[in-house]
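Read the structure below first, then the notes.
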């Protein structure tokens, strides 16, 4: 991870005279591929389904962290490719995003924080990882504040993030005052019924969850998504969920199940109901992300929940990236609203898209059906594994809430699809621009993985058994 950051930063400095970032992003992707190969090689040689700690038990390596590394590397490669290949030669994409070289350093800082968080075996390391990830996102959003609403949302984001960081720091201080240690395994040496420790665990978990925008502290994050460029929204709406939820799953911190249950059901309720009231497309997708975060929160209630989590977060990442890519590609067929970096604001702008690009709408249908959990798409197996895990552990009422929330959220997913299939209107236009072949291949690959998910469902289970058993 450190080698990747150093090489990419040196490359960035040496190429500072270039007119764009394309060569830099290509090199970042090459280095990421090398790290993927090296990570796989080291796992094969040294891990062997065991857990190792390094640097005085600051960091932990096992099968779960290996899989999360692979997933985050791939997410990083795909999102950086959106900034890269043929992107800056396209006049339409310049409307979405103004390339700034400083963004690449912030991008690398954030991925370092995300990777460090997953490997954290010490609460001080965890706090450093949280702040490294948080401050890079603060700066990413502040770079594109060109309106009063955007500046207000960015300041609120920073203010709320600071309060939550104080909550996490307080919980870590309480932990040290009780155990005189910062390591996770020290929890096993103390009875879990002490009031101070229970308060610490609740405060720590709530701090991490609220930094993801869990209800009821979700409105500030919705405003942030709406007022940032869509290419940054893709990243900041996905990577924090992957890293923070992965840490909570891996650390297996025992906290009050009632608190988790209430927050998860509240998040599912707000995400499924709130999305029905939205007319802006990015806010609608933000409520969709809130609902999916509620699904994954329920897995914190279970023991041995790694398989259900890894399967669900994988299929959600694929669907999430594919949906935002479809939104970006649809800008080729609509007239722009005078809003810098966010030409696609309202869902009604997609009206009649079926008449201009039926294949793009077909791709949207595959993503929407995967979000809904329609068989035999990948999202169906993710929700099925989660539902069966909840039922097998006796959470019958919560399972009913999960099914009701899934049914309600299906309404605004179908709303997106219905609008795109309506009659043609004057919001559409014909463009001479063409979609980059590389970006087309990326979208096609994501759609194929969702469409034929039933074929490699057994393959995923076999891979899980190899790595996790």
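Numbering (the working numbering), first residue to last: 1404 to 1872.
Backbone N, C-alpha and C define an ideal beta-carbon position, used for all residues, glycine too.
Distance, residue j Cα to residue i Cα
| i | j | result |
| --- | --- | --- |
| residue 1567 | residue 1681 | 27 Å |
| residue 1489 | residue 1798 | Legend: pLDDT at residue 1489 = 45, less than 50; position of this residue unreliable, no value from coordinates given. |
| residue 1773 | residue 1781 | 6 Å |
| residue 1697 | residue 1641 | 14 Å |
| residue 1456 | residue 1768 | 45 Å |
| residue 1610 | residue 1757 | 43 Å |
| residue 1519 | residue 1643 | 12 Å |
| residue 1620 | residue 1613 | 6 Å |
| residue 1622 | residue 1537 | 17 Å |
| residue 1810 | residue 1765 | 21 Å |
| residue 1582 | residue 1648 | 25 Å |
| residue 1650 | residue 1664 | 18 Å |
| residue 1762 | residue 1573 | 52 Å |
| residue 1515 | residue 1532 | 8 Å |
| residue 1608 | residue 1475 | 22 Å |
| residue 1638 | residue 1690 | 16 Å |
| residue 1484 | residue 1634 | 11 Å |
| residue 1481 | residue 1723 | 12 Å |
| residue 1806 | residue 1791 | 12 Å |
| residue 1466 | residue 1521 | 12 Å |
| residue 1831 | residue 1824 | Caution applies to residue 1831, whose pLDDT of 49 falls short of 50 and renders its modelled position unreliable; the model cannot decide the point. |
| residue 1652 | residue 1458 | 22 Å |
| residue 1779 | residue 1565 | 43 Å |
| residue 1507 | residue 1577 | 37 Å |
| residue 1776 | residue 1584 | 44 Å |
| residue 1602 | residue 1534 | 22 Å |
| residue 1719 | residue 1783 | 11 Å |
| residue 1505 | residue 1600 | 41 Å |
| residue 1808 | residue 1677 | 11 Å |
| residue 1699 | residue 1789 | 8 Å |
Classification of residue i by the beta-carbon crowding that lies within 10 angstroms, buried from 16 upward
| i | result |
| --- | --- |
| residue 1673 | buried |
| residue 1553 | buried |
| residue 1454 | exposed |
| residue 1692 | buried |
| residue 1472 | buried |
| residue 1702 | buried |
| residue 1800 | exposed |
| residue 1606 | buried |
| residue 1821 | exposed |
| residue 1580 | exposed |
| residue 1708 | buried |
| residue 1793 | buried |
| residue 1555 | exposed |
Host alpha helix (DSSP H) of residue i (start-end)
| i | result |
| --- | --- |
| residue 1521 | 1505-1522 |
| residue 1789 | 1781-1795 |
| residue 1683 | Careful: residue 1683 lies outside any alpha helix (DSSP H) and carries neither H nor E. |
| residue 1654 | 1642-1654 |
| residue 1576 | 1551-1582 |
| residue 1817 | 1799-1823 |
Residue from the options with nearest C-alpha to residue i
| i | options | result |
| --- | --- | --- |
| residue 1787 | 1825, 1712 and 1736 | 1712 |
| residue 1558 | 1540, 1572, 1704 and 1521 | 1540 |
| residue 1873 | 1730, 1685 and 1801 | Because the chain spans 1404 through 1872 in this model, residue 1873 falls outside it and cannot be assessed. |
| residue 1561 | 1528, 1522, 1627 and 1706 | 1627 |
| residue 1551 | 1578, 1507, 1629 and 1537 | 1629 |
| residue 1586 | 1463, 1605 and 1710 | 1463 |
| residue 1468 | 1646, 1818, 1606 and 1751 | 1646 |
| residue 1717 | 1706, 1732, 1733 and 1695 | 1695 |
| residue 1816 | 1790, 1603 and 1750 | 1750 |
| residue 1760 | 1733, 1775, 1783 and 1825 | 1733 |
| residue 1563 | 1615, 1600 and 1584 | 1615 |
| residue 1667 | 1479, 1555, 1803 and 1654 | 1803 |
| residue 1632 | 1466, 1791, 1547 and 1790 | 1547 |
| residue 1754 | 1528, 1600, 1819 and 1719 | 1819 |
| residue 1752 | 1505, 1683, 1529 and 1700 | 1683 |
| residue 1654 | 1602, 1529 and 1699 | 1529 |
| residue 1706 | 1721, 1720 and 1796 | 1796 |
| residue 1470 | 1812, 1636, 1710 and 1700 | 1710 |
Beta-carbon proximity of residue i to residue j, cut-off 7 Å
| i | j | result |
| --- | --- | --- |
| residue 1513 | residue 1460 | no |
| residue 1785 | residue 1735 | no |
| residue 1688 | residue 1814 | no |
| residue 1747 | residue 1730 | yes |
| residue 1704 | residue 1660 | yes |
| residue 1725 | residue 1770 | yes |
| residue 1542 | residue 1570 | no |
| residue 1526 | residue 1575 | yes |
| residue 1617 | residue 1670 | yes |
Residue i: CB within 6 Å of a non-hydrogen atom of the ligand ADP
| i | result |
| --- | --- |
| residue 1665 | The ligand ADP is not part of the structure shown, which contains no ligands of any sort. |
Where the beta strand (DSSP E) through residue i begins and ends
| i | result |
| --- | --- |
| residue 1462 | 1462-1464 |
| residue 1455 | 1455-1457 |
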